[in-house]
Amino acid sequence: MRLSTCGLMLAGALALLSSCSRHNPPPSARQPASSALSAPTTQPMRGVWLATVSQLDWPPVTSLHVEPQAERIRLQQQALTEALDRMKAIGINTVFFQVKPDASALWRSDILPWSDVLTGVTGKDPGYDPLAYMLEQAHRRGIKVHAWLNPYRVAVNSQPNTLNALRQTAGNHPASVVVSHPDWIRTAGDRQVLDPGIPQVRDWITSIVSELIQRYPIDGVQFDDYFYAETATSPLHDAASWHRYGQGFSDKASWRRNNTLLLIKQVSAAIRAQKPAVEFGVSPAGVWRNQSEDITGSDTRGAAAYDTAYADTRQWVQLGLLDYIAPQLYWPFSRKIVRYDVLFHWWAETVKSSHTRLYPGIALYKVGTEVKAEPEWQIDAGIPELKRQLDLNESLPGVSGTILFREAWLHQPQTRQAVDYLKQRWGHSP
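First residue of the sequence shown: 92, per our numbering; consecutive thereafter.
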């Protein structure tokens with residue numbers, strides 16, 4: 092009985108981590124022994140993100156309502172194997188597969204309902220297990236798979252029809268968190284999100300990660316950059332959580348940053364206790380803090396994760412909580428306010444004395460595209476800028492690889508020449 096077994100497994104994992112999930116522990120954390128960290132890869136990591144939210148990269152939108160079911164499955168699996176074949180031909184050895192684009196799953200879960208990106212209906216069984224299929228096909232091709240999760244997003248918008256669709260899962264097992272824990276749900280950035288200040292939310296997210304690593308032979312787990320996500324016109328109304336759990340903090344911003352720290356500590360501990368060979372990483376916004384805000388920050392003028400997402404990503408590296416970090420460095424060398432090389436060197440220095448590996452994320456989606464403030468992406472099909480970034484990434488021994496954003500741009504007309512260049516550079520090397 093999968094449900095009872097999973098329930099016992101998750102309960103045990105959460106009991107093991109109960110001390111991590113209590114609110115307001117000291118902001119500092121014990122540095123884990125280096126032996127608890129997953130072993131570094133011997134080969135440079137050449138990765139690509141494969142996004143499933145809103146069917147950005149996969150599955151094909153045209154497959155959603157195809158009948159019979161067997162034909163829909165065939166089309167979706169064919170698209171996935173074709174994507175993996177492209178990766179193999181280019182020399183990509185790691186795919187970051189978005190298995191949790193919101194509060195739904197692309198695997199057979201006892202915690203989350205099936206994602207609507209597979210069938211158009213949240214909670215509807217797609218007739219196969221996409222993550223299991225991805226793992227089988229990727230590993231057959233020598234490609235590693237990291238399960239990529241958005242930890243807090245519940246839905247990509249807050250429209251009534253979206254919420255009604257989630258409520259329609261009330262008779263399912265599992266139902267949407269909108270049904271099972273409506274008190275955890277907030278609106279921020281015009282999306283439905285979980286309140287990061289609630290300790291039970293951290294336990295719930297940790298149980299999802301535990302389910303993944305226990306059931307599937309994944310090579311890694313990655314959180315993206317959506318931690319606290321709000322806008323001036325759509326803020327997160329977390330005053331109730333702040334008043335209930337914020338004792339001991341002089342301001343809400345510090346309390347919020349501690350909440351994201353607690354989540355990272357708890358998930359990191361869960362992975363190392365259960366499957367230490369599984370790598371744990373985060374892909375944050377490229378700017379931690381600007382020097383104008385903090386003398387230890389980068390010489391940039393960009394939106395800072397520390398101040399906007401309340402994610403002290405540098406601290407997570409310093410505390411040894413991550414096996415790798417993949418900052419999104421989506422700018423060219425000439426972008427004065429957020430220069431690629433300035434941010435690259437700042438991150439390389441940040442990880443230098445840690446056990447955390449650095450995988451810079453680069454903007455394949457801009458290559459060959461007109462970007463007014465960044466004309467480099469169109470010069471000679473964007474290849475010179477791409478080459479400069481890859482050359483820099485490979486120039487320091489402490490930098491362990493590169494991740495491309497994102498898979499759809501491996502087969503677009505504007506990136507064709509750049510992809511041919513990647514094949515020449517990566518396709519025949521170890």
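We put the CB at the ideal spot given by N, CA and C, even for glycine.
Residue i and residue j closer than 9 Å at C-beta
i      : j      : result
Gly459 : Arg507 : yes
Val247 : Ser145 : yes
Ser267 : Arg258 : yes
Val284 : Ile276 : yes
Pro431 : Phe496 : Here the sequence assigns Tyr to residue 431, which means Pro is not the residue at that position. Taking 9 Å as the Cβ cut-off, Tyr431 and Phe496 do not qualify as a contacting pair.
Thr253 : Val208 : no
Leu413 : Ile453 : no
Val190 : Leu222 : yes
Ile428 : Thr391 : yes
Ala509 : Tyr456 : no
Thr153 : Leu166 : yes
Leu311 : Val373 : Going by the sequence as given, residue 311 is Gly instead of Leu. Contact: no.
Ala174 : Leu501 : yes
Nearest to residue i (by Cα), restricted to the options the options
i      : options                        : result
Ala376 : Tyr317, Gly411, Pro204, Gly339 : Tyr317
Gln365 : Asn248, Gly388, Lys443, Ile309 : Ile309
Glu321 : Ala279, Asp329, Asp294         : Ala279
Ala417 : Arg405, Asp201, Phe424, Glu173 : Arg405
Asp315 : Ile289, Gln419, Asp148         : Gln419
Ser389 : Ser359, Trp437, Gln409         : Trp437
Ser195 : Lys215, Asn184, Leu455, Ala509 : Lys215
Ser325 : Asp281, Ser341, Gly288         : Asp281
Lys343 : Val312, Thr399, Phe371         : Thr399
Arg516 : His502, Gln503, Leu141, Glu485 : Glu485
Pro273 : Trp149, Val433, Asp148, Val245 : Val245
Pro242 : Gly262, His502, Glu158, Ala402 : Ala402
Pro192 : Asn184, Gln313, Arg479         : Gln313
Asp286 : Gln168, Gly518, Trp346         : Trp346
Own chain, CB closer than 8 Å to residue i, minus 5 neighbours either side, in chain order
i      : result
Ile470 : Glu476
Ser491 : Pro131, Thr132, Pro135, Met136, Tyr415, Arg448, Leu449, Tyr450
Lys443 : Gly489
Lys514 : Ala180, Ile181, Gly182
Ile164 : Pro217, Gly218, Tyr219
Tyr307 : Trp198, Leu222, Ala223, Leu226, Ala238
Pro265 : Ser200, Asp201, Ile202, Leu203, Pro204, Ser271
Asp176 : Arg232
Ala395 : Ala376, Val378, Trp379, Arg380, Asn381, Glu384, Gly388
Ser119 : Residue confidence is low: Ser119 scores 33 on pLDDT, short of 50, so the model does not pin down where it sits. No coordinate-derived value is stated.
Pro117 : Per-residue confidence for Pro117 stands at a pLDDT of 33, beneath the threshold of 50, marking its modelled position as unreliable; the derived number appears in the next sentence. Excluding sequence neighbours, Pro117 sits near nothing in its chain.
Glu465 : Trp422, Pro423, Ser425, Arg426, Lys457
Residues bridged to residue i (per DSSP)
i      : result
Val139 : Val186, Leu495
Ser195 : DSSP output for Ser195 lists no bridge partner at all.
Lys235 : Thr185
Val373 : Phe314, Ile416
Arg163 : Looking at the DSSP assignment, Arg163 forms no beta bridge with any residue, so it has no partner.
Ile289 : Per DSSP, none; premise fails for Ile289.
Gly489 : According to DSSP, which records beta bridges pairwise, Gly489 is partnered with nothing at all.
Ile453 : Leu495
Asn381 : Ser389
Trp205 : Ala196
Arg448 : Tyr415
Leu240 : Lys191, Phe314
N-terminal and C-terminal residue of the beta strand (DSSP E) that residue i is part of
i      : result
Val284 : 282-285
Ala246 : 244-246
Glu158 : From DSSP, Glu158 is part of no beta strand (DSSP E); its letter is neither H nor E.
Thr278 : 276-279
Residue i at chain B interface by Cβ criterion, 9 Å
i      : result
Leu449 : Protein chains in the displayed structure number just one, and chain B is not present.
Contacting residues, own chain, Cβ-Cβ under 6 Å from residue i (five flanking each side not counted)
i      : result
Tyr512 : Ile474
Gln505 : Gly459, Thr460
Pro123 : Residue confidence for Pro123 is low, a pLDDT of 37 falling below 50, so the modelled location carries little weight and cannot support an answer.
Asp482 : none
Proximal residues to residue i (C-beta, below 7 Å), its chain only, five neighbours per side dropped
i      : result
Asp220 : Trp198, Arg199
His328 : Arg277
Gly211 : Leu155, His156
Thr441 : Arg405, Val408
Thr260 : Pro204, Thr213, Gly214, Ala266, Ser267, Val270
Arg479 : Phe424
Thr172 : Gln228
Where the alpha helix (DSSP H) containing residue i begins and where it ends
i      : result
Pro251 : 251-258
Arg507 : 507-517
Ala472 : No alpha helix (DSSP H) holds Ala472; DSSP gives it neither H nor E.
Ile362 : 343-365
Leu434 : 431-442
Val408 : 404-409
Asp220 : Here Asp220 belongs to no alpha helix (DSSP H), and DSSP marks it neither H nor E.
His334 : 330-336
Asp148 : Note, Asp148: premise wrong, no alpha helix (DSSP H); not H, not E.
Thr153 : Element bounds for Thr153: n/a, residue is neither H nor E.
Val270 : 268-271
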